[in-house]
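*Asks:* Numbering (the working numbering), first residue to last: 139 to 470. We treat Cβ as the ideally placed atom computed from N, Cα and C, and that holds for glycine.
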Ligand code: AMP
Ligand code: TRP
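#1: Let me make sure I understand the geometry here. Which of 269, 311, 178, 305 has the alpha-carbon closest to that of residue 294?
#2: Using the Cα positions of residue 408 and residue 397, report the straight-line distance between them to the nearest angstrom.
#3: Helix, strand or coil for residue 371 per DSSP?
#4: Locate the beta strand (DSSP E) running through residue 175, then write down its first and last residues.
#5: How many whole angstroms separate the CB atoms of residue 187 and residue 240, which I take to be in contact at a CB cut-off of 8 Å?
#6: Where does the unbroken alpha helix (DSSP H) through residue 387 begin, and where does it stop?
#7: Quick check on DSSP: helix, strand or coil for residue 335?
#8: How long is the line joining the alpha carbons of residue 403 and residue 353, rounded to whole angstroms?
#9: If I'm right that residue 216 touches residue 201 with Cβ under 8 Å, what's the distance once you round it to whole angstroms?
#10: From residue 379 to residue 369, what distance separates their C-alpha atoms?
#11: Run through DSSP, which three-state label would residue 215 get?
#12: Considering only heavy atoms of ligand 2, does any lie closer than 6 Å to the CB of residue 368?
#13: Examine ligand 2 and report whether any of its heavy atoms sits within less than 6 Å of the Cβ of residue 306.
#14: Closer than 6 Å from C-beta to any heavy atom of ligand 2: which residues, in chain order?
#15: How many whole angstroms separate the CB atoms of residue 234 and residue 174, which I take to be in contact at a CB cut-off of 8 Å?
#16: Among the candidates 221, 195, 164, whose CA atom is the shortest distance from the CA of residue 207?
#17: Short of 7 Å in beta carbon distance, which residues of its chain neighbour residue 428, apart from the five on each side in sequence? Order them along the chain.
#18: Identify the continuous beta strand (DSSP E) that holds residue 320 and give its terminal residues.
#19: Any idea which residues DSSP pairs residue 153 with across the strands?
#20: Within 10 angstroms of its Cβ, does residue 388 collect 16 or more other Cβ (buried), or is it exposed?
#21: Answer yes if the stretch 251 to 265 comes into contact with the stretch 279 to 297, meaning at least three C-beta pairs across the two stretches below 8 Å, and no otherwise.
#22: Cβ atoms of residue 300 and residue 236: under 7 Å apart, would you say?
#23: What do you get for residue 248, buried or exposed, if any count of 16 or more other CB atoms within 10 angstroms of its CB means buried?
#24: By Cβ distance, which residues of its chain are closer than 8 Å to residue 372, with the 5 residues on each side in sequence left out?
#25: Which stretch, first to last residue, makes up the beta strand (DSSP E) that contains residue 343?
#26: Under 8 Å: do the stretch 272 to 288 and the stretch 452 to 468 share three or more Cβ pairs, one atom per stretch?
#27: May I ask whether a heavy atom of ligand 1 can be found less than 6 Å away from the beta carbon of residue 160?
#28: In angstroms with no decimal places, state the Cα-to-Cα distance between residue 319 and residue 395.
#29: Jot down the residue ranges of each uninterrupted beta strand (DSSP E) in the stretch 246 to 321, minimum 3 residues, whole runs only, in chain order.
#30: Does the contact criterion of 3 or more C-beta pairs under 8 Å hold for the stretch 140 to 158 versus the stretch 330 to 341?
#31: Is any non-hydrogen atom of ligand 1 found closer than 6 Å to the C-beta of residue 472, if you look at the structure I gave you?
#32: Identify the residues that DSSP records as bridge partners of residue 146: which are they?
#33: What I want to know is whether the C-beta of residue 473 ends up closer than 6 Å to one or more non-hydrogen atoms of ligand 1.
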């Protein structure tokens, strides 16, 4: 059976980008057609300056939101990365497989490191090695597919390279995985700055729809989305990123096609209004279910405990094999 692995970092509140780019497919497709694991990848949240209490809170919130979105612990495995030692254990072997040059070429590293330096902050070494830990997340489970948004394509490409290199040097241990992306909304853009990705931690949040925003907040953010001075509605990602982003969001909500939708609208006002309502309706059930689940944290804790146990049992034998293959003496 196909094995799927994906994860989300608890670095901020989950956004519409996370949902349309990744989580919705995990729920609607992946958990039913494959043996799937979804992880709150908390170790990755320590690669930038962080507040310990906040990471803990966001980890539980992310888990609650994944369940609220419809991941079903009977059909897939939901767990917290740091509960399973095999990720860090395997990551070290992959550090011994990767080169420093290929790490420094990672786009996200370059961007985040430049931002940190500009702010006078130091860059954690783990920010550089982060894609290796991500590769370990994926490879530890012999994953075939990795459903992610566009921004993670380069990291999955690196994962493929490391798996193939390790196999070639030490014998076949890892499955070489491939990334899958949604057809529309693989990169949802910030509503205030449609040339950058809608990310969890923008300063103001005005251009970001969070999954737990209430209906009026969502309406306000979408109605204030930056467009351009064009008179007609046209789908052109490069030339007209603002309207294109709205068309993608609306078509993702309605399972339509952004080009076809562009022909339906004569004004940005009408497009924004329909987009706002579509997003409100898309997220309403998720928000309601989140409130129910948040009232019973012991249920979420139990799901995570059982998930970690299952994940551990899957990863352990493979990581043991990798340790042996690379030349380490097995425990007698
Ligand atoms: P992260 O929040 O960086 O942990 O991302 C979790 C998942 O959501 C990954 O698969 C990302 O590629 C995806 N994702 C994050 N932001 C966006 C976005 N703005 N558009 C589409 N997918 C996204
Ligand atoms: N790097 C991913 C992100 O920023 C999160 C992540 C960590 C991940 N490990 C993973 C995604 C393994 C897919 C598979 O979004």
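*Replies:* Here's the rundown:
#1: 269
#2: 16 Å
#3: coil
#4: 173 to 178
#5: Contact doesn't hold; Cβ gap of about 25 Å is too wide.
#6: 379 to 392
#7: strand
#8: 23 Å
#9: 7 Å
#10: 15 Å
#11: strand
#12: no
#13: no
#14: 143, 144, 145, 147, 179, 182, 272, 275, 276, 284, 286, 290, 293
#15: Actually they are not in contact, since the Cβ atoms of residue 234 and residue 174 sit about 29 Å apart, beyond 8 Å.
#16: 164
#17: 202, 203, 206, 350
#18: Premise fails: residue 320 is in no beta strand (DSSP E) and is neither H nor E.
#19: 348
#20: buried
#21: no
#22: yes
#23: exposed
#24: 378, 381, 400
#25: First-last for residue 343: undefined, no H or E at that position.
#26: yes
#27: yes
#28: 16 Å
#29: 283 to 285, 316 to 318
#30: yes
#31: Lying before the first or after the last residue shown, residue 472 is absent from the chain, which here runs from 139 to 470.
#32: 178
#33: The chain is shown from 139 up to 470; residue 473 falls before or after that span and cannot be answered.
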